[in-house]
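For what it's worth, the working numbering labels the leading residue of the sequence shown as 122, then goes sequentially.
A short worksheet on the structure shown next.
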Amino acid sequence: MISFNQDAHGGKLRVNFNQNISGADSYKMTVEPREGAPARVVSGVGLGTVDVDVGDETFLANEYLEHTTLADEFKEYLGLWRARGSALYVAENRVNNYEMFRVSL
122 MISFNQDAHG GKLRVNFNQN ISGADSYKMT VEPREGAPAR VVSGVGLGTV
172 DVDVGDETFL ANEYLEHTTL ADEFKEYLGL WRARGSALYV AENRVNNYEM
222 FRVSL
């Protein structure tokens, strides 16, 4: 599980699809605290184009979405959050399972 400091920015939040999603027309990422504030869509989401190690797992190029965190983005709730990505195609939408992450002081 990835951890972020509440006031930190510039960290990478990634969600893995484990399948090639490079042909999608657009992408979005939704983040949601475990309790409290409602879910919201974050801006600045892009397709990961290089292999990257996340914990003990490798996310392969073109199979994950990536978002660079902004200052005060997670200020309303400390604790467990979850993120979900969507790859939007003309004929179908692909959605991954939620990825958990922690926000702390």
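Idealized CB from N, CA, C, for every residue including glycine.
For the beta strand (DSSP E) that residue i lies in, which residues bound it at each end?
| i | result |
| --- | --- |
| valine 171 | Careful: valine 171 lies outside any beta strand (DSSP E) and carries neither H nor E. |
| valine 224 | 220-225 |
| phenylalanine 138 | Segment: none, phenylalanine 138 is in no beta strand (DSSP E) and carries neither H nor E. |
I need the DSSP call for residue i, collapsed to helix, strand or coil.
| i | result |
| --- | --- |
| glycine 144 | coil |
| alanine 158 | coil |
| alanine 192 | coil |
| asparagine 214 | strand |
| leucine 227 | As shown, the chain starts at 122 and ends at 226. That puts residue 227 outside it, with no answer to give. |
| glutamate 197 | coil |
| serine 71 | In the structure as shown, the chain starts at 122 and stops at 226, and residue 71 therefore has no counterpart that could be examined. |
| glycine 206 | strand |
From this set, the options, which residue's C-alpha is nearest residue i's C-alpha?
| i | options | result |
| --- | --- | --- |
| arginine 205 | Tyr198, Leu199 and Asn214 | Asn214 |
| histidine 130 | Phe222, Ser124, Ala192 and Leu201 | Ala192 |
| leucine 186 | Ser207, Arg155, Trp202 and Glu156 | Ser207 |
| valine 152 | Leu201, Gly176 and Tyr210 | Leu201 |
| glutamate 194 | Ala145, Arg161 and Glu178 | Arg161 |
| glutamate 156 | Tyr210, Leu199, Val216 and Ala212 | Leu199 |
| aspartate 172 | Pro154, Glu197, Ala158 and Asn139 | Asn139 |
Give every residue of the same chain whose Cβ lies closer than 7 angstroms to the Cβ of residue i, excluding the five residues on either side of it in the sequence, and list them in chain order.
| i | result |
| --- | --- |
| histidine 188 | Leu134, Met150, Val163, Gly165 and Val166 |
| aspartate 146 | Leu209, Tyr210 and Val211 |
Tell me which same chain residues have a C-beta within less than 8 angstroms of the C-beta of residue i, skipping the five on either side of it?
| i | result |
| --- | --- |
| asparagine 183 | Asn141, Ile142, Ser143, Leu168, Gly169 and Thr170 |
| serine 124 | Phe222, Arg223, Val224 and Ser225 |
| alanine 158 | Glu197 and Tyr198 |
For residue i, I'd like the list of residues in its chain whose CB is within less than 6 angstroms of its CB, leaving aside the five on either flank, ordered along the chain.
| i | result |
| --- | --- |
| asparagine 137 | Phe180 and Tyr185 |
| glycine 132 | Phe125 and Thr190 |
| valine 216 | Ser207 |
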